[in-house]
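Shown next, in structure tokens, is the structure this report addresses.
In UniProt numbering, the protein residues as written are 1 to 478.
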């Protein structure tokens, strides 16, 4: 229970004389001074700093003692319960990775590790499907059953040679669910998406009734996963076609800010300085989720349309995150030419099951320790806004991609959810991030689809910054 689970409060301070950053960890449920643990980290460059724990000690909250350097980490590796040991180990390693940069907008240590039951969903496309606001739509329950049945084929793919009996059972279940809901789904599509929805339904039905049964009969193990992926793509189209309108009213105080009222697909092209060859090239496909983070995604997309990020160097790549967005000069983010002021966005986190996002505070500050965000930090290539450590609403232009590592964010110790605003996922060629180094360049980010869903776009009223619109689908507007 959240009220009885002591959270880990964190404060970091830097000493100009000693050039070290100290993170103080203590119980957030005890107002008096408690025994605390400190991780002391050497400072590095302002743009690319990874904090390596060189002093770890148990002490009073008013002192800093540089001894027993492995105390905290050792305790994390020696708990008796295997599950607790894994969680503690992950938290210790993650803490040392998170205490990272002296730049004002950075990933900072969490005050609490959110506990999650079971294994997390790691597939970005699955996370995006689950986050669509369709649960009360006609046929939604059944198409979700189709989705889950097809996704569950992953279990059969893990068996050497593929477990065809399991594949067969799941395909039959999906086929039955689709048969029950096809008429309701066809009637529930948004008018402007009706044709694409019906086409996807037909292809999905064909795949379940003929394509997959033929593969199962032939026991063609190499065709199972491609067919599964193809049919899940049709499921995504069907589910997205059920969204008839933007699901909530953006608060009045943010209603004039750029907002993405839906989803957009972006093509990210990187230039790797040492001419590293990557088997799938240097393009990544990014989906922005404006249904769950309209202001955050809208701010990012508006900057993309201004070509703000084109030619910008990667400023942090340490095995935990890849981060950029800090422009040259003294500004720590985007200076809006129309106001000559730093443009910032509120912290924006949609909780699963809520109708509107939480704005302006972390889920911990909101008293919702154990609740899950609709779009969590589960997938490799999750994209989120960076911000100042103690200023929730300080996000501007700096962002980071999470390099998902199981030992850093295991299934039941998610260290970032509820503290940073996720606004999308890389869905294609995510592995390219593992090759990215500081100094590599974002050659370009281009809008493939969704430009028409961006409202209050500043690039439309200011054409002198970075060449204006870079979208192929809406190049006529500037």
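Where is the CB? At the ideal position from N, CA and C, for every residue including glycine. The structure presented is a predicted model; accordingly, all values stated were derived computationally and were not measured.
- DSSP, read as helix, strand or coil, puts residue 201 in helix.
- Closest in alpha carbon position to residue 321, among 129, 179, 145 and 432, is 432.
- Inside the region 266 to 314, DSSP marks whole beta strand (DSSP E) runs of 3 or more residues at positions 283 to 289, from first to last along the chain.
- Distance from the CA atom of residue 309 to the CA atom of residue 323, rounded to whole angstroms, is 12 Å.
- Runs of the alpha helix (DSSP H) lying entirely within the region 359 to 388 and spanning at least 4 residues: none are present.
- Its Cα nearest to that of residue 227, the residue 206 stands out among 206, 239 and 243.
- The way I'd put it, the region 323 to 339 doesn't touch the region 415 to 427; fewer than three beta-carbon pairs between them come closer than 8 Å.
- Under DSSP, residue 151 takes part in no beta bridge, so it has no partner.
- Partner residues in the beta bridge of residue 316, as assigned by DSSP, are 323.
- Collapsing the DSSP output to three states places residue 240 in a helix.
- Under the DSSP definition of a beta bridge, residue 455 partners with 259.
- Contact annotation: residue 260 and residue 290 have beta-carbon atoms nearer than 7 Å.
- Rounded to whole angstroms, the Cβ separation of residue 379 and residue 127 is 6 Å, and the two are in contact under 8 Å.
- For residue 339 and residue 292, the gap between their C-alpha atoms comes out near 28 Å.
- Counting only the Cα atoms, residue 331 lies some 45 Å from residue 151.
- Selection 443, 197 and 459 evaluated against residue 313 yields 443 as nearest (Cα-Cα).
- Sequence-distant partners of residue 268 (beyond 5 residues in either direction) whose C-beta falls short of 6 Å from its own C-beta, in its chain, are 284, 286 and 445.
- Looking at the DSSP output, residue 349 bridges to 358.
- Apart from the 5 residues on each side of it in sequence, residue 236 sits with its Cβ closer than 7 Å to the Cβ of 125 and 129 in its chain, given in chain order.
- In the DSSP assignment, residue 441 falls within the beta strand (DSSP E) that extends over 441 to 449.
- Contact annotation: residue 264 and residue 450 have beta-carbon atoms nearer than 7 Å.
- Residue range 422 to 428 is occupied by the beta strand (DSSP E) that includes residue 424.
- For residue 178, the enclosing alpha helix (DSSP H) stretches over residues 164 to 188.
- Taking 7 Å as the cut-off, the beta carbon of residue 272 is found no closer than this to the beta carbon of residue 423.
- In terms of Cβ geometry, residue 247 and residue 299 do not form a close pair [threshold 7 Å].
- According to the DSSP assignment, residue 128 belongs to the alpha helix (DSSP H) that extends over 124 to 130.
- Assigned with DSSP and collapsed to three states, residue 416 falls in coil, not helix or strand.
- When rounded, the separation of the alpha-carbon atoms in residue 214 and residue 221 is 12 Å.
- Here the alpha carbons of residue 212 and residue 362 stand approximately 45 Å from one another.
- The C-beta separation of residue 198 from residue 142 comes to about 16 Å, leaving the pair out of contact by the 8 Å criterion.
- Boundaries cannot be given for residue 334, as no alpha helix (DSSP H) includes it and DSSP labels it neither H nor E.
- Under the three-state reduction of DSSP output, residue 248 falls in the coil class, being neither helix nor strand.
- Close CB contacts of residue 255 within its chain, under the 6 Å cut and outside five residues either way in sequence, are absent.
- With a threshold of 16 other beta carbon atoms within 10 Å, residue 390 falls short and is exposed.
- Here residue 207 carries a helix assignment [DSSP, helix/strand/coil].
- Three or more beta-carbon pairs drawn from the region 363 to 373 and the region 347 to 354 are found closer than 8 Å, and the two stretches are therefore classed as touching.
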